[in-house]
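Enquirer: Chains as they are written, first to last, in my numbering: chain A, 1 to 434; chain B, 1001 to 1441.
Note that CB positions come from ideal geometry on N, CA and C, so glycine has one too.
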Amino acid sequence: MADLTTDFLGIKSPNPFWLASAPPTDKEYNVRRAFEAGWGGVVWKTLGSEGPPVVNVNGPRYGVIHGADRRVLGLNNIELITDRDLQTNLDEITRVKADYPDRAMIVSIMVPCEEQAWKDILPKVEATGADGIELNFGCPHGMSERGMGAAVGQVPEYIEMVTRWCKQYYSKPVIVKLTPNITDVRKPAEAARRGGADAVSLINTINSIVSVDLDSMSPHPSIDGKGTHGGYCGPAVKPIALSMVSEIARAPATAGMPISGIGGVTTWRDAAEYITMGCGNVQVCTAAMTYGFKVVQEMISGLSEWMDEKGHTSIQDFMGAAVPNTTDWQYLNLNYVSKAQINQEDCISCGRCYAACEDTSHQAIAMSEDRTFTVIDEECVACNLCVEVCPVENCITMVEMPAGEVDPRTGKVVEDVYSNWTTHPNNPSATAAE
Amino acid sequence: MADGVFDEGIQAGRLAPDAYEAHFSDLHPPLDQHEAIVAADRCYFCHDAPCITACPTDIDIPLFIRQIATGTPDAAAKTILTQNIMGGMCARVCPTEQLCEQACVREEAEGKPVLIGQLQRYATDHLQAQGVHPFTRAEATGKRIAVVGAGPAGLSAAHRLAMLGHDVQVFDARSKAGGLNEYGIATYKTPDGFAQGEVDWLLKIGGIKIETGHALGADLSLASLQADYDAVFLGMGLGGVNALGVEGADKDGVLDAVDFIAELRQAGDVAQVPVGRDVVVIGGGMTAVDAAVQSKLLGALNVTLVYRRGRDAMNASVFEQDLAASKGVRIVTNAAPKAVHGNGAVREIEFDYVDDTMTPTGQTLRLAADQVFKAIGQTLEGETLPDLDGRKIAVDEQGRTSLKGVWAGGDCAAGGDDLTVTAVAEGRDAAMDIHAMLTGS
């Protein structure tokens, strides 16, 4: 079995699956259950300043986008940071860490943007024996109205400032958790690095209203007839998060910075993808909230099996492997030509490829009287829509045209040389090919 | 097992009283909302969908399923009922495994089609349970149309004509409207008075009057209908039953399966319907299966369905054959009736084993029987009918007969399968043609 051990910022954990700072990590009871179930680490639900804790609404906190059979595709929440007493949390963290020394224990923190507030809490957190802290600069609802959470994460200068305080008053690793509710995720990541952050974690939840009740005219979840935006997470956000991770992994100013990947990790495969995009580990919440802590067993076995199959002996073996292959559009090879090909033996004649292509694309699929569907190479631009809408996996595939053949659509010979937009004659700013 | 099952002869109450309710309840319990949404999600929304082509009434199946999936079952019901006003009954009795569900691409892909029939029932039940009728009549045309037969074809024609603004007078020979929906379908396929409920719901369109107890050739003449009405639609089905034509066929206990099925449907308490201990059903269609299965459900000890051809030639669908087998009906094929034996009442029935050309092989089969049900086809009854094509009324694509102003559809008309859904389609299409003819549109 492959070695799933991870060393993230010097923090060791038996596997790369951590529970994200969220409702599942709010209490000793839950976290002990998580560790017993096999989770490699937890980020304890965000602590606030000493004093009367925040309060939550007493109505519904969650709203969901369901797929068929009520599969949870996206989860929206309006829960705030921990509403339990600071000392209670600190005591529990201390006890759990002592009992599970092999697991990663990170404490999420959100206090006002004042140096004293951080100076007050950090020694208390340090005293718990936890392995590091995560700065919650991402929570998009409630706390942001009070100048914390995403309100900080949207201002790179604040990120840098607070991170610096943390590095000053805390001796262990500092992870900065980023909000996706910005225009360019690289800026806050750069700010974190300038402030001395050891790592970034992303994404926090995305501003969201999952639905409107068409009878009450209130957003869901509705609290006495009114709703507010919450934070969106779950499988639906994975593509957004993965893209943001890739930007940080690729940008020269942030390249090489350790990343903890968060956003819709539901299976081992999601985790593997995040790791290939440069993450040292992943954090999970919605999958656990949907299926319970046991789901980590599939993640562990799946990742391990895949690694064995691929001959990877450690997480490091494939960490960041997809980063060099993630590029800008302008660098994509315009001389790469492929055509859709329909395997008639697998085709069930549903005609979805035809409807999609005929109505919304390039009229590149022919339909016969007897419902045989064939690709018209003269029209096919290889857009892949037919592949994606076909209900039969691998029935339609994209087949590369070998160099030397003539593309019937363009009449041009497929060339065996890489050529991109930067040198394309249609590009007004083209530079001459070297 | 109640003691009564071993008693010889034809008698009622063979089973414990509570067994009957279980035996004659809904064959397919309805889908609940969640089941319907999950089932609906399996539909691929095919382009120019094969299921639509396979449906004799051309229901836009992908559309209505998507309407269910998106939480608008009443819109789904309207999609169905626009094409097929008896979509509720068809959802229960259509041989979907030979029609829409056979054509479903998921049948091709994985042998598990989308549950089109059950989804159709979910939608139509949802709408009909509210007691509302989704269609309204067009402005009155002043035209009057006579419809003979209040079965699926006649009611379908009547509804469409009424909707188009015509006044419709329906005549039926029986005491209740509904035709085979009311008298000719196994009880477990349409329990709880669904058939009459559907008729009542259908009539809410208005403009349709039904008079029962009138039959063509008895107190109705086609000539007078032609004279009194602007158009006539014939949808009286097949009133006669083919004779067995073998020695001893007139013995007591040799009965028509359609009468047995009708008796069960009309019985207030099925436990009161007598059945033999040893029952033999002759035939290979739906009627034969309905009679055989229900004999078994009534407590008959040995039920044998005997068909003269091979299994592949049976009109009953594979699903129906399997249903019969699962209920304990023995199916014997390639055996043709030879003689009915008994002293006054049937005691045994003898068959010749026959090859595929219906030639006796020389071997015979004798089955103990205290009750024999004939389900070997029905015949058109009546005199001075329009020209026939074979044994049924000849019609063209629009349902026009050889007589001016007379249309026909359903089982009494030539062409098309003898299915409820086909009758509905033919009634509807004839109505559209009548309308076009009368209004010059």
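Please report whether the beta-carbon of A/V392 lies at a distance below 8 Å from any beta-carbon of chain B.
Expert: Yes - at least one Cβ of chain B is within 8 Å of the one on A/V392.
Enquirer: Look at the Cβ atom of B/V1332, then the Cβ atom of B/V1306, and state whether they are nearer than 8 Å.
Expert: Against a cut-off of 8 Å, the Cβ pair of B/V1306 and B/V1332 comes out as a contact.
Enquirer: Ends of the alpha helix (DSSP H) at B/R1347?
Expert: No alpha helix (DSSP H) contains B/R1347, which DSSP labels as neither H nor E.
Enquirer: Look at B/G1013 and B/A1271 and say whether their C-beta atoms are less than 8 Å apart.
Expert: The answer is yes: Cβ separation under 8 Å.
Enquirer: Between which two residues does the alpha helix (DSSP H) holding A/D120 run?
Expert: Element bounds for A/D120: 115-126.
Enquirer: Using the rule of at least 16 other Cβ atoms within 10 Å of the residue's Cβ for burial, across every protein chain shown, is B/D1256 buried or exposed?
Expert: B/D1256 should be labelled buried.
Enquirer: Would a check of beta-carbon distances place A/S361 closer than 8 Å to chain B?
Expert: Not closer than 8 Å to any Cβ of chain B, the Cβ of A/S361 fails to qualify, so no.
Enquirer: According to a CB-to-CB cut-off of less than 7 Å, which residues of the segment 334-364 of chain A neighbour chain B?
Expert: The segment 334-364 of chain A vs chain B, Cβ under 7 Å: I348, S349, C350, G351, R352, Y354, A355.
Enquirer: Quick check: the Cα distance between A/V414 and A/P402, rounded to an integer number of angstroms?
Expert: In a straight line, the C-alpha of A/V414 is about 7 Å away from that of A/P402.
Enquirer: Give me the Cβ distance between B/S1025 and B/P1191, rounded to the nearest whole Å; I'm assuming they're in contact under 8 Å.
Expert: Rounded, the Cβ-Cβ distance is 6 Å, consistent with contact.
Enquirer: Just checking: is the beta-carbon of B/P1113 within a distance shorter than 8 Å of some beta-carbon in chain A?
Expert: With 8 Å as the cut-off, B/P1113 does not count as an interface residue toward chain A.
Enquirer: Let me know the secondary structure DSSP gives B/K1112 once reduced to three states.
Expert: In this structure, B/K1112 counts as coil in the three-state DSSP scheme.
Enquirer: Note the first and the last residue of the continuous alpha helix (DSSP H) segment covering B/T1422.
Expert: Note, B/T1422: alpha helix (DSSP H), 1420-1439.
Enquirer: Taking only three categories from DSSP, how would you classify A/E405?
Expert: The answer is coil: DSSP assigns A/E405 none of H, G, I, E or B.
Enquirer: Starting from A/E298, trace the alpha helix (DSSP H) both ways and give me its first and last residue.
Expert: Its alpha helix (DSSP H) spans residues 295-310.
Enquirer: How is the beta strand (DSSP E) around A/S338 delimited, first residue to last?
Expert: Where A/S338 is concerned, the enclosing beta strand (DSSP E) stretches over 338-342.
Enquirer: Take B/R1042 and list the residues in its own chain whose beta-carbon comes closer than 7 Å to its own, dropping the five residues that flank it on each side.
Expert: Hits under 7 Å: R1106, V1114.
Enquirer: Rounded to the nearest angstrom, how far is the Cβ of B/T1232 from that of B/L1225, given a contact under 8 Å?
Expert: Looking at the sequence provided, one finds Val at residue 1232 of chain B rather than Thr. With 8 Å as the limit, B/V1232 and B/L1225 qualify as a contact, their Cβ atoms being about 5 Å apart.
Enquirer: So, using beta-carbon positions, are A/H229 and A/S243 closer together than 8 Å?
Expert: Cβ distance not < 8 Å, so A/H229 and A/S243 don't count as in contact.
Enquirer: By a C-beta neighbour count over all protein chains shown, 10 Å radius and 16 as the cutoff for buried, is B/H1166 buried or exposed?
Expert: Flag for B/H1166 reads buried.
Enquirer: Rounded to the nearest angstrom, what separates A/Y274 and A/P219 at their Cα positions?
Expert: Rounded to the nearest angstrom, the two C-alpha atoms are 32 Å apart.
Enquirer: Give a yes or no on whether the minimum CB-CB distance between A/A236 and chain B is below 8 Å.
Expert: False, the Cβ-Cβ gap to chain B never drops below 8 Å.
Enquirer: Please classify B/W1444: does DSSP put it in a helix, a strand, or coil?
Expert: Only positions 1001 to 1441 of chain B appear in this structure, which leaves residue 1444 of chain B out of reach.
Enquirer: Residues bridged to B/T1304 by DSSP?
Expert: Paired residues: B/V1280, B/R1330.
Enquirer: Extract the residue ranges of the alpha helix (DSSP H) inside the segment 20-55 of chain A, only unbroken runs of 4 or more that lie entirely within it.
Expert: Entirely contained in the segment 20-55 of chain A, the alpha helix (DSSP H) runs reaching 4 residues are, in chain order, 28-37.
Enquirer: Alpha carbons only, please: which of B/L1155, B/Q1102, B/F1064, B/T1141 is nearest the one belonging to B/D1124?
Expert: For clarity, residue 1124 of chain B is Thr in the given sequence; the question names Asp instead. Of the listed residues, the one whose Cα sits closest to B/T1124 is B/F1064.
Enquirer: From the DSSP output, in three-state form, read off B/H1028 for me.
Expert: B/H1028 falls in the coil class under three-state DSSP.
Enquirer: In terms of DSSP beta bridges, what is A/N76 paired with?
Expert: DSSP lists A/G63, A/Y232 as partners of A/N76.
Enquirer: Starting from B/F1064, trace the alpha helix (DSSP H) both ways and give me its first and last residue.
Expert: B/F1064 -> alpha helix (DSSP H) spans 1061-1069.
Enquirer: Could you spell out where the beta strand (DSSP E) holding B/K1374 opens and where it closes?
Expert: From DSSP, the beta strand (DSSP E) with B/K1374 extends over 1371-1374.
Enquirer: Does the separation of the CB atoms of A/V42 and A/L19 fall below 8 Å?
Expert: Contact flag set, yes.
Enquirer: Please go through the segment 157-204 of chain A and give each complete alpha helix (DSSP H) segment of 4 or more residues, from N-terminal end onward.
Expert: Those alpha helix (DSSP H) runs which fall completely within the segment 157-204 of chain A and span 4+ residues are 186-194.
Enquirer: Ignoring anything shorter than 3 residues or poking outside the segment 1129-1212 of chain B, list the beta strand (DSSP E) runs there in chain order.
Expert: Complete beta strand (DSSP E) runs here, min 3: 1144-1148, 1167-1172, 1208-1212.
Enquirer: Does the segment 33-41 of chain A touch the segment 287-296 of chain A, meaning 3 or more C-beta pairs lie closer than 8 Å?
Expert: Flag = yes, the segment 287-296 of chain A and the segment 33-41 of chain A touch.
Enquirer: Answer yes if the segment 1132-1139 of chain B comes into contact with the segment 1179-1191 of chain B, meaning at least three C-beta pairs across the two stretches below 8 Å, and no otherwise.
Expert: No, because fewer than three Cβ pairs between the segment 1179-1191 of chain B and the segment 1132-1139 of chain B fall closer than 8 Å, the two stretches do not touch.
Enquirer: Roughly how many angstroms separate the alpha carbons of B/H1126 and A/V389, rounded to a whole number?
Expert: B/H1126 and A/V389: Cα-Cα distance of roughly 31 Å.
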